[in-house]
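There are 4 protein chains.
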Amino acid sequence: MAIKYSFFNDYSEGAHPRILNVLGDTNLAQETGYGDDSLSNEAVRLIKQQLQAPHVDVHLVTGGTQANLVALAAMLKPYESVIAVQSAHINVHEAGAIEATGHKINAIEGADGKLTPASIRRTVAQHTDEHMVKPRVVFVSQATELGTVYAKAELEAIFATCKEAELYLYLDGARLGSAIASKASHLSFADLPHLTDMFYIGGTKNGALLGEALVIANPALRENFRFYLKQHGALLAKGRVLGGQFVALFKDGHYLDLARHANLLAARLSEGIAASGYRFLSPPTTNQIFPILPNAAIDRLREKYGFHVWAPADDGHSVIRLVTSWATKEKAVEEFLQDLPRA
Amino acid sequence: MAIKYSFFNDYSEGAHPRILNVLGDTNLAQETGYGDDSLSNEAVRLIKQQLQAPHVDVHLVTGGTQANLVALAAMLKPYESVIAVQSAHINVHEAGAIEATGHKINAIEGADGKLTPASIRRTVAQHTDEHMVKPRVVFVSQATELGTVYAKAELEAIFATCKEAELYLYLDGARLGSAIASKASHLSFADLPHLTDMFYIGGTKNGALLGEALVIANPALRENFRFYLKQHGALLAKGRVLGGQFVALFKDGHYLDLARHANLLAARLSEGIAASGYRFLSPPTTNQIFPILPNAAIDRLREKYGFHVWAPADDGHSVIRLVTSWATKEKAVEEFLQDLPRA
Amino acid sequence: MAIKYSFFNDYSEGAHPRILNVLGDTNLAQETGYGDDSLSNEAVRLIKQQLQAPHVDVHLVTGGTQANLVALAAMLKPYESVIAVQSAHINVHEAGAIEATGHKINAIEGADGKLTPASIRRTVAQHTDEHMVKPRVVFVSQATELGTVYAKAELEAIFATCKEAELYLYLDGARLGSAIASKASHLSFADLPHLTDMFYIGGTKNGALLGEALVIANPALRENFRFYLKQHGALLAKGRVLGGQFVALFKDGHYLDLARHANLLAARLSEGIAASGYRFLSPPTTNQIFPILPNAAIDRLREKYGFHVWAPADDGHSVIRLVTSWATKEKAVEEFLQDLPRA
Amino acid sequence: MAIKYSFFNDYSEGAHPRILNVLGDTNLAQETGYGDDSLSNEAVRLIKQQLQAPHVDVHLVTGGTQANLVALAAMLKPYESVIAVQSAHINVHEAGAIEATGHKINAIEGADGKLTPASIRRTVAQHTDEHMVKPRVVFVSQATELGTVYAKAELEAIFATCKEAELYLYLDGARLGSAIASKASHLSFADLPHLTDMFYIGGTKNGALLGEALVIANPALRENFRFYLKQHGALLAKGRVLGGQFVALFKDGHYLDLARHANLLAARLSEGIAASGYRFLSPPTTNQIFPILPNAAIDRLREKYGFHVWAPADDGHSVIRLVTSWATKEKAVEEFLQDLPRA
């Protein structure tokens, strides 16, 4: 029997239909290349409006690894490093992209996938002279790789720590929509320009075919940024492809609507799983949840559902990862819960 | 009065409608990420079929600079260099992307934007020991930045020179369709795996929203290639976006049909311009042509048409660049020729 | 009162007088540049003889960071990484030199500053696909940053693990003399070409003004190595300066004599310190020892002796580092022990 | 018959005896490591005094390629480039070291190995947007690779051009002594901090065993410079080795005395060669001269003298390079001239 539904990730489907509509409707109009087209300009306007931040710079790129490597290349001098939690995407899942641009990642232990002001301060204090790298950027993911979020107060504390220690704060928002839509974050879009130096708003995992919007909040980081984009192959000739998608995502608050849908179905999944008597690796708050299930149940579920077996847990159990998206169907969630045996 | 039609480049429009149709028709099916989806696999199959080369490797990336930097990063050791003509895209228009991956470009003079076996041999001979870089790749564009093409016999001679000198030949095919469709090249798709070590087939400038297909003809270059893609942010989570487009382009020979249209309209333009008594910077053979016109005529034409003023020519004249594409309308060409005064 | 003697490191003095004699005696003879001089050639011959390895390649460079960055640049492809213990010199004390050549360090926990076969295997097993770097080199220091050594059997086990996992083993021998001269290692020079792929023999910390001898044991790593040297500024025009020093060091087994002196005086220090009732952070086996002393005693000792206060220990105590060298005087050791109060 | 004397280069001998004396006299004193020793500090003081520039920063490194790559790494952002003449050492003879730090060299044609304000302005004007690199540094050698010098007025014009165009001027002074000692330059040490942003004073080619003194004249370039040194393996543990040598070179104006000797003997050679009826590739003004001699004469001279055959000239003649140094003997010059047949 074939797999009926995949909870493997939030990029299994194509784009939200509204996005395809925008691309179709504007397809034959001639536009200027490399991101100076009317769609990209409108996307930037809508994003600034959503952020309530008329003075930020916004650049559209194709993917998360590209966003991260361009951003860090622009923020770091050759001897400077970036502090990140060990499980960070840049530390584990970008094939050494950051090091390939010449920079060390100071990878430190975290709890629930998160850094703390104390861990940042300790790392800075360990770097005392020119025999070592000089930490200059703090990297956080919102939501994290473990599906957790930084509450607004946590981000405020980290940002304050960064400013004391003359560090930039960069936020990887591959799943920013889910984080903002999560009740655990108490965060709004308008907070981000005040709590980071640079961040990106993920499109790929929230309904776009591809595309992430890099936002430069700190004016010191704006200069000549497009050179970094071009040098890393991140300037699309038909920038309109990214522009059109972000127009569709940021019109009428659509972006957060899509994220809320993903969170809602993840919440249903986690409530149902909890009701069946199971625990979680980390508190379920966004569109990624990590239940701990009996291996026998996992084997049966895998016959019908796609998901990642994350790690072994105690004897006879494993952690799995279930991811929902803007496209997840309620029916799929209901069936999964029905197919899950009670603990 | 606003510009009626832009001959500025071949990426002013969106995608050929067939491409949007494929993306739309397959949009909601769940697919595996990062290029292992059914659309990408089908695209690779169709491309190999078109190339009559079952044993090549094909990787889909988003743009030309990205294709070039990934390919050269994979082909060159740290002390090795790439030989290119001074006007080459990698030498002038990629913001130092190749140097940013650590490699020197040996930029040498060319004629009509092209390298010759003699110029390659001379450059190799100048590099004698470890105080200098060691040339290892020859970079050619087909078509070139000046709209010219390498005839098949020229490519054969260059490839033979490369093999004698233990060099790889890499071909930038941003406008490969137009080159193959050109009568001047006497080249077919099936020739390319036998005449290069690696090349890419440009999608962006021949009807795609974005996307280029890197083809690895030399088996020695295949190993672990996806690491290079990932490290440079060139692996899209939704690889299906690239796959679907190349399926549409390579079904039923569509790719060359689009290129033929572009070439046909460029030929009409150049015939009309020649009939009006004007010369060209380089022989018009592809979808980029470079007529030399009086400055007064240029000024008037610019009121209605978009194009690049390439360089000043003799007194009172300048070279302009006109580019046609799969989307260029016959009417636009006719009007342009009517608006062009006789010499 | 000024400091009478510094145990701060093993590079406080200039060169062993024999070295200055060789440089003086050969000073005015005209020699070929860049390492192809008669002194360098003789040094290479003597080193190969000491290693009983006629087929290795030997290159002389100026310092340890330079040796490490050149070696790793030559051993690693862009997506490959090096496994090292967290306290490794390349991970902490080289200002990000390895990352600046584009490579990630997989920094893992160690015991007594050492890697184990199990920790290497675990790290390799965690790297499963092209989203991650691919470990390719294992980096060990002999002696380690904590003054400990790998016993021959330990190195054999690590090297076997490397070969199973298709990893190169690279050994940083900044203090190789002290390690070989240590009874704890059971290692001879002749073992090294059979137990590593590449290593360097430290000159700077064992009597030279400057200079380390990189030895390439694995023939696969030899090709075009001098390009890496030149590209990183590691080819001295007057290579004779390095050659002459290694001639002096490797004539008549002088190198190990110097190391034995350093170890002997370190052993006297550690025996005296132990006799006074103190413990050590790690077992004292080479020319670096790490006694744990009362803070009050440390403060008094610092008035007369130079040394590094390494880390706080339990309450009222700290770890200090004492380093001896070829130049350390017995009198200095005796006085230090006399000035040390009993526990 | 063996070669009696080599005019192959200015690094064939060891060090001037005064240098060995300083190293010997100070050999056993314990000093702080990594360049903060009393010898290095005294060297810096003497260099600043010679430059009449108390506010510059001075860093001692081991060689010219190292000086250049560290300096350019510190001056350039990732997308910035350095303008140099095609024959420049960084463009031809450093194995791609500058590109390996990520930067493009804009190599342009020169006359007599020199850049001009016009050629610099033209290059800057060609770089118009983020699709290209952004020139940021101008690189000149004084003396040049062709033995010529920039006259003070030429340097003033170039520096003014740089300041207008917001470029840094970096001067490679591998043979700075010979340039200053040349009557053609009208330049003094005290001019350099006012006419460059950074430069280095070559030691290796003017009497040192090894060592170059990097001088940072522009305060904007000073910050954290030692990180760049460490990261590129340019911080010697026994920095005293470099310090002691520059103390010997800069005491009592010794440095220029050595350069004057080299120039004097080069002038004797060129006067004698001219008197014998021969011409030169470029006007002989420093310690490198490039006479054009009959091939038959060259063949005979090569039996007794070492020198580089630079390039073929008109039929039957070739350009050779003769280099003198602080160590060149008058007798060798006299013999060479006697052995040279008249034209």
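These protein sequence lines map, in sequence, to chains A, B, C and D.
Position 44 of the first sequence, counting from 1, maps to 1100 under this note's numbering, and the rest follow consecutively.
Position 146 of the second sequence, counting from 1, maps to 1202 under this note's numbering, and the rest follow consecutively.
Position 120 of the third sequence, counting from 1, maps to 1176 under this note's numbering, and the rest follow consecutively.
Position 177 of the fourth sequence, counting from 1, maps to 1233 under this note's numbering, and the rest follow consecutively.
Think of the CB as a built atom: it goes at the ideal place given N, C-alpha and C, for glycine as much as any other residue.
Taking the alpha carbon of residue 1276/A as the point to measure from, which residue in 1253/A, 1287/A, 1288/A and 1118/A has its own alpha carbon closest? 1253/A
Is DSSP giving residue 1362/B helix, strand or coil here? strand
Throw me the rounded Cβ distance for the residue 1129/A and residue 1134/D pair, which I believe falls under 8 Å. 6 Å
Across which residues does DSSP place residue 1368/C in a beta bridge pair? 1374/C
Short CB-CB distance (under 8 Å) between residue 1134/C and chain A: yes
Report the residue ranges of all alpha helix (DSSP H) runs contained in full by the segment 1245-1297 of chain A; include only those spanning at least 4 residues, in chain order. 1248-1251 and 1281-1287
Of all the CB atoms in chain C, is at least one closer than 8 Å to the CB of residue 1283/B? yes
Using 8 Å as the threshold, is the C-beta distance between residue 1346/D and residue 1324/D below it? no
Quick one: does residue 1242/D have its CB under 8 Å from some CB of chain A? no
Counting only Cβ-Cβ distances shorter than 8 Å, please list the residues of the segment 1283-1306 of chain C near chain B, keeping chain order. 1283, 1284, 1285, 1286, 1287 and 1291
Buried/exposed call for residue 1059/C, threshold 16 Cβ in 10 Å: exposed
Could you name the residues of chain D that residue 1208/B contacts, counting a contact when the two beta carbons are closer than 8 Å? Simply none; closest approach about 31 Å.
Measure the alpha-carbon distance for residue 1089/D versus residue 1178/C and round it to whole angstroms. 38 Å
How long is the line joining the alpha carbons of residue 1144/C and residue 1349/D, rounded to whole angstroms? 57 Å
With a threshold of 8 Å, are at least 3 pairs of Cβ atoms found where one atom belongs to the segment 1167-1178 of chain C and the other to the segment 1226-1234 of chain C? no
Simplified DSSP state of residue 1116/C, which is helix, strand or coil: strand
Does residue 1137/A get closer than 8 Å to chain C when you measure Cβ to Cβ? yes
Those residues which DSSP pairs with residue 1335/D across a bridge: 1348/D
Helix, strand or coil for residue 1134/B per DSSP? coil
Please work out which residues of its chain come closer than 7 Å, Cβ to Cβ, to residue 1205/A, disregarding the five sequence neighbours upstream and downstream, and give them in chain order. 1198, 1199, 1235, 1238, 1240, 1241, 1341 and 1342
Taking the beta strand (DSSP E) that residue 1191/B belongs to, which residues open and close that run? 1190-1197
Mind checking the segment 1337-1371 of chain B against chain C and listing, in chain order, the residues whose C-beta falls within less than 7 Å of any C-beta there? none
Reduced DSSP category for residue 1205/A - H, G, I as helix; E, B as strand; rest coil: coil
Near residue 1291/C, which residues of its chain fall below 8 Å by C-beta distance, leaving aside the five closest residues on each side in sequence? 1090, 1091, 1282 and 1285
Would you check if the distance between the CB atom of residue 1382/A and the CB atom of residue 1318/A is smaller than 8 Å? yes
For a test of the three-state rule: what should DSSP assign to residue 1097/C, helix, strand or coil? helix
Taking a contact to mean a Cβ-Cβ separation below 8 Å, would you say residue 1287/D touches residue 1153/C in this structure? yes
Between residue 1067/D and chain C, is the shortest Cβ-Cβ distance under 8 Å, so that the two count as touching? yes
Mind checking if residue 1083/D is an interface residue toward chain C, Cβ cutoff 8 Å exclusive? yes
Amino acids of chain E, ordered along the chain, whose beta-carbon sits closer than 7 Å to that of residue 1155/A: Within the model displayed, chain E is absent; protein chains A, B, C and D are what it includes.
Answer with yes or no whether the minimum CB distance from residue 1074/C to chain A is below 8 Å. no
Residue 1213/B to residue 1280/C, Cα distance in whole Å? 28 Å
What residues in the segment 1169-1202 of chain C bring their beta carbon closer than 7 Å to a beta carbon of chain A? 1186, 1187, 1188 and 1189
Below 8 Å on the Cβ atoms is my guess for residue 1298/B versus residue 1096/B; work out the distance and round it to an integer in Å. 7 Å
Closest to residue 1351/C by CA distance: which of 1370/C, 1098/C and 1302/C is it? 1370/C
With 8 Å as the threshold, decide whether the Cβ of residue 1387/B is near any Cβ in chain A. no
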